[in-house]
Structures are given as C-alpha cells and as structure tokens.
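If you're matching them up, the sequences are chains E and X in order.
Per my numbering, the very first residue in the first sequence carries number 43; after that it's consecutive.
Per my numbering, the very first residue in the second sequence carries number 43; after that it's consecutive.
Where is the CB? At the ideal position from N, CA and C, for every residue including glycine.
Protein chains: 2
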Amino acid sequence: MAQQSRREVAEGVLEITLLVTRLVTPEVRRLRPKQLSLSHIRALGFLDANPDADLSAVADYVGLALPSMSTLVDGLVRRGLVARLAAPHDRRRLRLRLTRAGKGALRTALAAAQAVLETRFADLPPGERALVHRAMTRLRPFLMRG
Amino acid sequence: MAQQSRREVAEGVLEITLLVTRLVTPEVRRLRPKQLSLSHIRALGFLDANPDADLSAVADYVGLALPSMSTLVDGLVRRGLVARLAAPHDRRRLRLRLTRAGKGALRTALAAAQAVLETRFADLPPGERALVHRAMTRLRPFLMRG
DNA sequence: CCCTAATCATTCGGCTATCTAAGTATCATT
DNA sequence: AATGATACTTAGATAGCCGAATGATTAGGG
Numbered sequence: 043m044a045q046q047s048r049r050e051v052a053e054g055v056l057e058i059t060l061l062v063t064r065l066v067t068p069e070v071r072r073l074r075p076k077q078l079s080l081s082h083i084r085a086l087g088f089l090d091a092n093p094d095a096d097l098s099a100v101a102d103y104v105g106l107a108l109p110s111m112s113t114l115v116d117g118l119v120r121r122g123l124v125a126r127l128a129a130p131h132d133r134r135r136l137r138l139r140l141t142r143a144g145k146g147a148l149r150t151a152l153a154a155a156q157a158v159l160e161t162r163f164a165d166l167p168p169g170e171r172a173l174v175h176r177a178m179t180r181l182r183p184f185l186m187r188g
Numbered sequence: 043m044a045q046q047s048r049r050e051v052a053e054g055v056l057e058i059t060l061l062v063t064r065l066v067t068p069e070v071r072r073l074r075p076k077q078l079s080l081s082h083i084r085a086l087g088f089l090d091a092n093p094d095a096d097l098s099a100v101a102d103y104v105g106l107a108l109p110s111m112s113t114l115v116d117g118l119v120r121r122g123l124v125a126r127l128a129a130p131h132d133r134r135r136l137r138l139r140l141t142r143a144g145k146g147a148l149r150t151a152l153a154a155a156q157a158v159l160e161t162r163f164a165d166l167p168p169g170e171r172a173l174v175h176r177a178m179t180r181l182r183p184f185l186m187r188g
C-alpha cells in the first residue's frame, strides 16, 4: 500500500472540497426566498449544537469577524429564526438560541444541500460508502480543534 | 462494520467540506495583495487544465453566471494572469489561457491553501492518511461528472 | 443572398456579504 | 471611582454576485 504524503492528502482534500462547494452552492442559492447563505446555515448549525452561545463563539466558529456576525445574526433575528436574549449575569453578552422556526429552516437548508450529495452518491457501492464515512470521521477532529 | 446510509455519508462529506472551507478561506483572503478569491483560483485552475477554453466553459465549471465570470476574467486579464484572445473561426467566442504569471499565481495560491491543510494533517497517522487519500480518490469521479 | 434565430459575451443597476475603524455599554481591577 | 478590558453595535467602504438589457457575431431557412 502506497504511503501517502501529507501534501497528497491535503491536495486531495482540497480538491474534493472545491468540487463539493461547487455542487452545493448553487443549491443553497436557490433557497434565496428564505435568504439563507452558507454562513447563515453554519451559524444556525452551531446554535443548534450550542444553545445560548454568545456572539463571539458563533463568529469564531463560522469564521467571520464580529461585526459581520452581528449583522448576520440581526438578519436571522429579523426573520424569526434566532432569539437574541441577554446573558444572565453579564449584560454585554448575548444569549443566542434557535427558535422553532430556526430549527425548521436549518433542517430544510441542510436537507437541500445534502440532497445534492446524496444523489451523487447513489451509485457509490456500500463498501466505498463505509470507507468515505470512516475517512470523514477521522478527518473531523483534525479540522475542528484550534 | 456498520453499513453507512447515503444520508450519513452525504452529511459527513458536507460537514467536512464546511470545515475545510472555514480553514482555507481566511488563508486565501490573506492573498488579497494579489486579489485572488476562491472563484479566481478555480477559474485559473480550470484554464490550466483546459487552455483555450471559452468564457461559458469556465463559468460553467466555476458555477458562476456569465456576467460574473466576464468581470472576473476581466480582473484576471487586468492583472496579467490570463490572456483573452479571440477564437479563430467564431469571433463571438473567447479563447482564454493562462499567462506565465497566471500559472505562477495559481501555484502560489494553491500552495497557500494546501499548506493550511498540511499543517492540520501533521499528526494524522500514516495509515489514516492512506485511508483519507483512498476515500478522496473514490469520491472524485462521483463529484465531477455531470 | 437576406432576414430572423440563436449564440456568446459585455455592460448596467442593485443587492448581499464582508471587512476595518470607531463608538457604546458593561464589567473587572486596583 | 478611575482605568482598562471585554462584548457587541454602528458606520462606511469594497468585492462578488445576479438578472435584465445590449451588442456583436454566426447559423439556418426562405
């Protein structure tokens, strides 16, 4: 079995990322009626997993500057997808959480993005499916921390 | 070994894609002196693999509307990275190709993006490296065609 | 040959997303 | 209570993208 260099692995991962992005982005754009961008979806996803997070945490996770996230959240609040409450003992901080509508919107958006991929993977043999799944699982921790 | 559903695989791939994008985008933004966005890089990459392509082909590959690609290419031409020639027997069409500087800029940009990932993968054991590489190789054809 | 379609690309106007810099409110420390 | 740090917001500017309209060229019937 050939030993892969870090460079080759990085190259492969980057290429796949670009391909997936290309497939998924137009689909997400089609959700424009609901005005959800990829950043919106990522913010919603983070809040789904981390209720009552503050603004900085979301900004950090999504990879946006604070001001950008501030206006982004503003939009989500205006659409009724997120509740912006004050933190209990520090009134500078926010306490952000999804509303019921927010959870619904997240589900819908993710489903749309995933549907594109699922269609693509229709002919992926079960064995390879498992292989890919395993690879993604291994990759995840290396991409998250830091 | 658990049999993975298509849904799970799609979910995993989407998640990893989002994580990688989050890591790579800021790095690419740091190339601002050269003003290269991800779309720019993808356009350069396509032209590297397909010299003398016309505008529609690049737009299609990158996933942008024609007007957007028109201005994008305009920028690349202004920076001396791409040559915009007329096609021989159809003067509506363009014949786009990288200049020497364009090839250099592409190499530089890709290297920057990959470097971020390589750093992340420093502690990925060789066995898992091979696993990931294999998974990416299997995935590629399913994401490219169509 | 022409006239009409169709095709390829550009320009225009507008909107979204993002950044930096500056400002406001609150908390922490001495 | 004064100073500095922290969390967020507002303001101003720019890039990226789209749809609609336009220009230029070619293709296909009469």
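R139(X): first and last residue of the uninterrupted beta strand (DSSP E) it sits in: Element bounds for R139(X): L136 to L140.
My guess is that R126(X) and V115(X) are in contact by the Cβ rule of under 8 Å, so how many angstroms apart are they, rounded?
7 Å
*asked:* For L127(E), report the span of its beta strand (DSSP E) as first-last.
replied: First-last of the beta strand (DSSP E) with L127(E): V124 to A128.
Inset, instruction - Kindly indicate if chain E contains any beta-carbon less than 8 Å away from that of M53(X). - result: For the record, residue 53(X) in the displayed sequence is Glu; it is not Met. Taking Cβ atoms only, chain E reaches closer than 8 Å to E53(X), which makes this a yes.
Taking F88(E) as part of the alpha helix (DSSP H), name the residues at either end of that continuous run. L80 to A91
- Task: Give me the Cα-Cα distance between V55(X) and P109(X), rounded to the nearest whole angstrom.
- Result: 31 Å
Practice prompt. Please compile the residues from chain X whose C-beta is within a distance smaller than 9 Å of the C-beta of G105(E).
Written response: T63, R64, L65, T67 and P68
Within 8 Å, do at least three Cβ pairs link the region 82-93 of chain X to the region 84-101 of chain E?
Output reads no: the region 82-93 of chain X does not touch the region 84-101 of chain E.
For a cutoff of 8 Å on Cβ pairs, would you count L56(E) as touching chain X?
yes
* To do: For chain E, find out if any of its Cβ atoms is closer than 8 Å to the Cβ of R137(X); answer yes or no.
  => Judged by the 8 Å Cβ criterion, R137(X) is not in contact with chain E.
| message | For R49(X) and G122(X), I'd like the C-alpha separation in whole angstroms. | response | Just so you know, the alpha carbons of R49(X) and G122(X) end up roughly 44 Å apart.
Let's see if you can read the secondary structure: which residues bound the alpha helix (DSSP H) around A101(E)? For A101(E), the uninterrupted alpha helix (DSSP H) segment begins and ends at L97 to V104.
What does the alpha-carbon distance come out to for the pair P75(X) and A151(X)?
Unreliable positioning characterises P75(X) in this predicted model, as indicated by a pLDDT of 49, which lies under 50. The coordinate reading is nonetheless provided below. The straight-line gap separating the alpha-carbon atoms of P75(X) and A151(X) is approximately 12 Å.
- request: Please check if any C-beta of chain E sits within less than 8 Å of the C-beta of M111(X).
  value: no
**Prompt:** What three-state label does DSSP hand L166(E) in the structure shown?
**Reply:** coil
Out of E69(X), V62(X), L61(X) and T59(X), which has the shortest C-alpha to C-alpha gap to A153(X)?
-> Looking at the Cα atoms, E69(X) is the closest of the given residues.
*Under 8 Å by beta carbon: chain E residues contacting T3(X)*: No information on residue 3(X) is available, as it lies outside the stretch 43 to 188 that chain X covers here.
task = Output, in chain order, the set of chain X residues within a Cβ distance shorter than 8 Å of A164(E).
result = For A164(E), the residues of chain X that pass the 8 Å Cβ criterion are R48, in the order they occur in the chain.
If you measure from the beta carbon of R149(X) to each beta carbon in chain E, is any gap under 8 Å?
no
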